[in-house]
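Asker: Before I ask anything, here is the structure I am working with.
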Amino acid sequence: MPPEIPTVRVGKAANELGSKVGLLPRQKIKTMIARHMIRVTGIADLDSGQIQPASLDLRLGPNAFRVRASFLPGKDSTVAQQLAELKYDELDISGGGVLEKGCVYVVPLMEELNLPDSIVGLANPKSSTGRLDVFTRLICNNNDVFDNVQQGYEGPLYAEISPRSFSIRVKQGSRLNQIRFRKLNSQQFDMPVRKVSDKDLRKRHDTDKLADGEAEIRNGLLLRIDLAGEGDGSPIGYRAQKFTDIIDIDRPGHYDPNEYWDPIMPNRRRRIILDPHQFYILASRERIHIPPDLAAEMVPIDPTMGEFRVHYAGFFDPGFGYTEHGHPGSKAVLEVRSHEVPFVLEDGQVVGRLEYEKLAEKPDVLYGQGGVSNYQGQGLKLSKHFSTGT
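Heads up, the sequence shown stops at 391 in this note's numbering, and the numbers go up one at a time, no gaps.
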């Protein structure tokens, strides 16, 4: 285990993160690593490839615990205490192991945190994780909510993992979720963080297009479903097959999509009926662009507008959708699941919205500029694990 880091040291180091509030860019995440606010269990080091423009990929540790049910530790308990009561199997995944669909697992992560009082953490599944219908949430000690790390938190992190459509193979170091860090000021400690207002979004769209065509802004940028297609006879979506082989999380471009997905072709009515409990990959009508000083998050549809859920992996890094011509170039790929009843989706129906948040400063590298960016410039696209030549 790494040595304990005195709180006073972290407090002083927090000054190096600057005074501006907002989401921290990659250069400030590097500062957090250098100052031991983010550290790694055991003898491993952080991999530079984990650091995204405004987030950090988290890695699975060597052991996975199968549990009877999802849980939260609550304010007065730790994850380890809850695991002692709820686990009934332990898997060694250091060299690889299978997580079965329909089961719930808790995996200690390789990264730990030692946050100052001015920083909170927020987590999401990675895009590829969401597109495989792998339900992944972050858990930490003494907390009664998922995917949020309270200010001043010191301790381990855990991923709750529940594959829904496909069983998956993972190993130590596999990356299923990511965390971003928000810098607060003293007034924000007890107040909700303010998103970029609709007024400011409309001004931004006039100068730096947020979407192709007219942007419909109402509590964020509204996104509509595309069920018309490109007019070339290509699919407008995919539906997950029920009986498939395992997918190895760490084998990109390896799998034939025809063995895992049924294509959905366009029809004259420009609509589809969602089957209950089935998983679909669809795309937005809009092509979007996230400006360099902003990040965005997909907000699920209001349940009063339909019994379905869109987009489990909802974080968009700065620079997503940027093209060399400066025009929005990437569709939002939507992970869709209907709930208890069949539901009709019509072309152009509103299915979600993007909320925007300012960064404390622009990242030194944008999405798509360095490293591998699997979804820059995307239209309708499955996860990176599937080949595109079939």
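We put the CB at the ideal spot given by N, CA and C, even for glycine.
Being a predicted model, the structure only gives us computed values, none of them experimental.
1) Excluding the 5 residues preceding and the 5 following R272 in the sequence, name in chain order all residues of the same chain whose CB lies nearer than 7 Å to its CB.
2) Cβ of H290 within 6 Å of any heavy atom in the ligand GTP?
3) Take the Cβ of R399 as the centre, count every other Cβ of all protein chains shown within 10 Å, and call the residue buried at 16 or more, exposed below.
4) Leaving out five residues on either side along the sequence, give the residues of the same chain with a beta carbon under 6 Å from the beta carbon of D249.
5) On the DSSP letters alone, give me the boundaries of the beta strand (DSSP E) that E86 sits inside.
6) Applying the criterion that 16 or more other CB atoms from any shown protein chain within 10 Å of the CB defines a buried residue, is A15 buried or exposed?
7) Classify Q82 as buried or exposed, calling it buried when 16 or more other Cβ atoms lie within 10 Å of its own Cβ.
8) On the CB-based measure, 16 or more other CB atoms within 10 Å of its CB, does N259 come out buried or exposed?
9) Using the three-state DSSP reduction, which class does I34 fall into: helix, strand or coil?
10) Given a cut-off of 7 Å, decide if S285 and A241 are closer than it, judged by their beta-carbon atoms.
11) Could you check if N178 is buried or exposed, using at least 16 other CB atoms within 10 Å of its CB as the buried criterion?
12) Kindly indicate which three-state DSSP category T208 falls into: helix, strand or coil?
13) Who are the Cβ neighbours of K382 in its own chain at under 7 Å, not counting the five residues just before and after it?
14) According to DSSP, is P258 helix, strand or coil?
15) Quickly, what does DSSP pair Q151 with across the bridge? List them, please.
16) Could you check whether R181 and L123 sit closer than 7 Å to each other, using their CB atoms as the reference points?
17) Could you name each continuous beta strand (DSSP E) segment of 3 residues or more that falls completely within the segment 319-374, going from the start of the chain to the end?
18) So, do the segment 349-365 and the segment 25-38 have three or more beta carbon pairs nearer to each other than 8 Å?
19) Would you kindly work out how many angstroms separate the C-alpha atoms of H206 and S331, rounded to a whole number?
20) Taking N186 as the reference, give the member of G23, Q379, K196 and G156 with the closest Cα.
21) Should Y89 be labelled buried (16 or more other beta-carbon atoms within 10 Å of its own) or exposed?
22) Quick one: using the 10 Å Cβ neighbour count with 16 as the cut-off for buried, is I274 buried or exposed?
23) Give me the residue from I226, D148, Y159 and V135 with the minimum Cα distance to P109.
24) Would you identify the three-state DSSP class for K196, choosing helix, strand or coil?
25) Counting beta carbon pairs with one atom in the segment 282-300 and one in the segment 142-156, are three or more of them shorter than 8 Å?
26) To the nearest angstrom, how far is the alpha carbon of G315 from that of A85?
27) Quick test of your reading: P264 and Y239, contact by CB under 8 Å. State the CB separation rounded to the nearest angstrom.
28) Among the candidates R36, E356, L223 and R67, whose CA atom is the shortest distance from the CA of S163?
29) P293 to R69, Cα distance in whole Å?
30) Does the separation of the CB atoms of L87 and A65 fall below 7 Å?
31) According to DSSP, is A15 helix, strand or coil?
32) Taking the alpha helix (DSSP H) that S285 belongs to, which residues open and close that run?
33) How many whole angstroms separate the CB atoms of Q173 and I226, which I take to be in contact at a CB cut-off of 8 Å?
34) With I247 and S128 assumed to form a contact (beta carbons below 8 Å), what rounded beta-carbon distance in angstroms separates them?
35) Give me, in chain order, the residues of the same chain whose beta-carbon lies closer than 7 Å to that of I1; leave out the 5 immediate sequence neighbours on both sides.
36) So with Cβ pairs under 7 Å, would you call F66 a contact of chain D?
Answerer: According to the structure shown:
1) So the qualifying residues of the chain are L228, V345, L346, E347 and D348.
2) Absence of the ligand GTP is noted for the structure shown, with no ligands found whatsoever.
3) Lying before the first or after the last residue shown, residue 399 is absent from the chain, which here runs from 2 to 391.
4) Cβ neighbours of D249 beyond the five flanking positions: R170.
5) Careful: E86 lies outside any beta strand (DSSP E), inside the alpha helix (DSSP H) at V80 to L87.
6) In this structure A15 is buried. Its beta-carbon is surrounded by 16 or more other beta-carbon atoms within 10 angstroms.
7) By the neighbour-count criterion, in which a residue is buried when 16 or more other Cβ atoms sit within 10 angstroms of its Cβ, Q82 is exposed.
8) Under the 10 Å beta carbon count, N259 is surrounded by fewer than 16 other beta carbons and is classified as exposed.
9) In this structure, I34 counts as helix in the three-state DSSP scheme.
10) Between A241 and S285, the CB-CB gap reaches or exceeds 7 Å.
11) So N178 ends up on the buried side.
12) T208: helix per DSSP, three-state reduction.
13) Apart from sequence neighbours up to five positions away, the residues of its chain that approach K382 with a beta-carbon distance below 7 Å are V334 and Y376, ordered along the chain.
14) P258: helix per DSSP, three-state reduction.
15) According to DSSP, Q151 shares a beta bridge with no other residue.
16) Contact flag set, yes.
17) The qualifying runs are 331-339, 344-347 and 351-359.
18) At 8 Å Cβ cutoff, the stretches touch.
19) Their Cα atoms are separated by approximately 16 Å.
20) Measuring from the Cα of N186, the nearest candidate turns out to be G23.
21) Exposed.
22) Burial call: exposed.
23) In terms of Cα proximity to P109, the closest of I226, D148, Y159 and V135 is Y159.
24) In the three-state reduction of the DSSP assignment, K196 falls in the coil class, being assigned neither a helical nor a strand state.
25) The segment 142-156 is not in contact with the segment 282-300.
26) So the alpha carbons of these two residues sit roughly 32 Å apart.
27) Contact holds; Cβ gap of about 6 Å.
28) With respect to the C-alpha of S163, the residue from R36, E356, L223 and R67 having the closest C-alpha is R67.
29) Rounded to the nearest whole angstrom, the CA to CA distance from P293 to R69 is 43 Å.
30) It is not a contact, given that the beta carbons lie outside the stated cut-off.
31) In the structure shown, A15 sits in a helix (DSSP, three-state: H, G or I).
32) Run containing S285: none in the alpha helix (DSSP H); it sits in the beta strand (DSSP E), F280 to I289.
33) Distance from Q173 to I226 at the Cβ level is roughly 38 Å; contact not present, criterion being Cβ atoms closer than 8 Å.
34) For I247 against S128, the beta-carbon gap comes to about 20 Å, at or over 8 Å, which does not count as contact.
35) The question about residue 1 has no answer, for the chain in this structure spans 2 to 391.
36) Any reference to chain D falls outside this structure, which holds one protein chain only.
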